[in-house]
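Numbering (the UniProt record's numbering), first residue to last: 1 to 392. To start, the structure itself, in structure tokens.
The structure is reproduced here in structure tokens:
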């Protein structure tokens, strides 16, 4: 079996990481971007009282060194199972999982211990020991590993400074906020200078403001340490805020993957569009209160205006062709809401419009041009992405 041992001096790996980053940068420049984590046709099957259940099917992904890679999907999609394959908490039933080129499935117990030092993990629940201080919680893995006390103090104090908790060094978990507890969890995950940081719904138990602060911390750690981060979430807002690349998983299969700006600007799969709807429906309160739901298979009620969320990317983001859109929808178009944001440096334009489509022509079925599906199809010909929000 493959053995994987820690090199001497793993506690202070700054110089080694800088050297590794320099080599990675050179490889990138040559067009050969090395994968920190790779999944090759991975499947995972669990035995249940009712038989075998496939949690993952034929998953193939590459996570590049130094990037923040997001895996998103609904509850039960297989996200956590996929993440647990990286550090050997689960074993693949088929295919291979590699971390920096090492096949996880071939590791013995000693190899798995070393792997888990190289792959720190941040959990949804903080799992802090209530009877130990912040310092003691972070230092515990080092103490178990036999690291001398002076080294533990130096390392932990530096990490608490990094995560903004130096002033809470001697505090107990009961006195901490949820965000502060998660910062302790992040510091603890970094004590062995991991090359990969795994985040399992690390912000789902936090309020929105605290979530943003934790995401900013993860982005800062990624930037300052060159650390590869793989996170799973069910929130597209998390993906937009911090990730470079995203993979969408649905019923154990990866249905879409790509740069975040591309996936947000032009989603290709229904599961992606459904997840994006949590952002699409982020409307001003007074507008949201007026919009009535409208199923895609329905016909638009007489006298009603369909409300569409239209997305543009690239050069068209700032100057969408509303005339062409109005002509496609067969009637007047009214602007309700919109704006432009930048994701990974790419312009993403958004328009929320109300459209009054034309009446049916003689001999045409009354609902023909007014079915939601037909209107949506026309809108998508003139935009990167279009979704129905309802009608007014």
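All residues carry an ideal CB built from backbone N, CA and C; glycine is no exception.
Out of curiosity, what's the CA-to-CA distance linking residue i and residue j?
{"i": "residue 275", "j": "residue 236", "result": "7 Å"}
{"i": "residue 234", "j": "residue 247", "result": "12 Å"}
{"i": "residue 382", "j": "residue 229", "result": "36 Å"}
{"i": "residue 146", "j": "residue 108", "result": "21 Å"}
{"i": "residue 291", "j": "residue 278", "result": "15 Å"}
{"i": "residue 123", "j": "residue 198", "result": "8 Å"}
{"i": "residue 422", "j": "residue 113", "result": "Coverage of the chain is limited to positions 1 through 392, which leaves residue 422 absent and any answer about it impossible."}
{"i": "residue 90", "j": "residue 80", "result": "10 Å"}
{"i": "residue 208", "j": "residue 238", "result": "10 Å"}
{"i": "residue 51", "j": "residue 252", "result": "17 Å"}
{"i": "residue 85", "j": "residue 182", "result": "23 Å"}
{"i": "residue 225", "j": "residue 65", "result": "12 Å"}
{"i": "residue 157", "j": "residue 341", "result": "38 Å"}
{"i": "residue 34", "j": "residue 313", "result": "29 Å"}
{"i": "residue 223", "j": "residue 99", "result": "20 Å"}
{"i": "residue 289", "j": "residue 297", "result": "22 Å"}
{"i": "residue 293", "j": "residue 285", "result": "15 Å"}
{"i": "residue 155", "j": "residue 171", "result": "18 Å"}
{"i": "residue 176", "j": "residue 203", "result": "16 Å"}
{"i": "residue 196", "j": "residue 121", "result": "9 Å"}
{"i": "residue 348", "j": "residue 201", "result": "26 Å"}
{"i": "residue 9", "j": "residue 144", "result": "With a pLDDT of 36 at residue 9, under the threshold of 50, the predicted position of this residue should be treated as unreliable, and no value is reported."}
{"i": "residue 335", "j": "residue 322", "result": "10 Å"}
{"i": "residue 167", "j": "residue 47", "result": "48 Å"}
{"i": "residue 169", "j": "residue 101", "result": "37 Å"}
Here's a check: name, in chain order, each residue in its chain whose Cβ is nearer than 6 Å to the Cβ of residue i, leaving out the five neighbours to either side.
{"i": "residue 346", "result": "261"}
{"i": "residue 23", "result": "Legend: pLDDT at residue 23 = 44, less than 50; position of this residue unreliable, value from coordinates given subsequently. So no residue of the chain qualifies."}
{"i": "residue 463", "result": "Nothing about residue 463 can be reported from this structure: the residues present for the chain run from 1 to 392 only."}
{"i": "residue 243", "result": "68, 70, 260"}
{"i": "residue 309", "result": "280, 352, 387, 389"}
{"i": "residue 220", "result": "none"}
{"i": "residue 356", "result": "305, 331, 332"}
{"i": "residue 269", "result": "255, 256"}
{"i": "residue 21", "result": "With a pLDDT of 46 at residue 21, under the threshold of 50, the predicted position of this residue should be treated as unreliable, though the coordinate-derived value follows. Contacts found: 226."}
{"i": "residue 96", "result": "40, 103"}
{"i": "residue 131", "result": "none"}
Can you name, in chain order, every residue of its own chain whose Cβ lies under 8 Å from the Cβ of residue i, other than the five neighbours on each side?
{"i": "residue 129", "result": "136, 137, 140, 173"}
{"i": "residue 295", "result": "372"}
{"i": "residue 394", "result": "Since the first residue shown for the chain is 1 and the last is 392, residue 394 is missing from the structure and cannot be characterised."}
{"i": "residue 206", "result": "178, 179, 182, 214"}
{"i": "residue 212", "result": "241"}
{"i": "residue 283", "result": "291, 337, 352, 389"}
Identify every residue that forms a DSSP beta bridge with residue i.
{"i": "residue 391", "result": "292, 306"}
{"i": "residue 330", "result": "Answer by DSSP bridge pairing: none, since residue 330 is not bridged."}
{"i": "residue 228", "result": "196"}
{"i": "residue 311", "result": "350, 385"}
{"i": "residue 48", "result": "51"}
{"i": "residue 94", "result": "43"}
{"i": "residue 257", "result": "247"}
{"i": "residue 119", "result": "196"}
{"i": "residue 103", "result": "98"}
{"i": "residue 233", "result": "72"}
Taking 8 Å as the cut-off, decide whether the C-beta atoms of residue i and residue j are in contact.
{"i": "residue 142", "j": "residue 191", "result": "yes"}
{"i": "residue 57", "j": "residue 73", "result": "no"}
{"i": "residue 326", "j": "residue 332", "result": "yes"}
{"i": "residue 254", "j": "residue 59", "result": "yes"}
{"i": "residue 456", "j": "residue 45", "result": "Summary: the structure shown does not reach residue 456, with the chain confined to residues 1 through 392, and so no result is reported for it."}
{"i": "residue 232", "j": "residue 115", "result": "no"}
{"i": "residue 180", "j": "residue 160", "result": "no"}
{"i": "residue 311", "j": "residue 273", "result": "no"}
{"i": "residue 217", "j": "residue 186", "result": "yes"}
{"i": "residue 178", "j": "residue 133", "result": "no"}
{"i": "residue 337", "j": "residue 287", "result": "yes"}
{"i": "residue 307", "j": "residue 354", "result": "yes"}
{"i": "residue 194", "j": "residue 117", "result": "yes"}
{"i": "residue 126", "j": "residue 163", "result": "no"}
If I measure Cβ to Cβ from residue i and keep anything under 7 Å in the same chain, skipping five residues before and after, which residues do I get?
{"i": "residue 240", "result": "260, 264, 343"}
{"i": "residue 378", "result": "328, 329"}
{"i": "residue 250", "result": "73, 77, 271"}
{"i": "residue 75", "result": "234"}
{"i": "residue 380", "result": "386"}
By the 10 Å Cβ neighbour count, where 16 or more other Cβ atoms means buried, how is residue i classified, buried or exposed?
{"i": "residue 119", "result": "buried"}
{"i": "residue 302", "result": "exposed"}
{"i": "residue 88", "result": "buried"}
{"i": "residue 148", "result": "exposed"}
{"i": "residue 55", "result": "buried"}
{"i": "residue 189", "result": "buried"}
{"i": "residue 39", "result": "buried"}
{"i": "residue 151", "result": "exposed"}
{"i": "residue 153", "result": "exposed"}
{"i": "residue 393", "result": "Given that the chain is displayed from residue 1 to residue 392, the structure contains no residue 393 and the question cannot be resolved."}
{"i": "residue 53", "result": "exposed"}
Is residue i near the ligand SAH, with its Cβ less than 7 Å from a heavy atom?
{"i": "residue 240", "result": "What this structure holds is no ligand at all, so the ligand SAH is not there to describe."}
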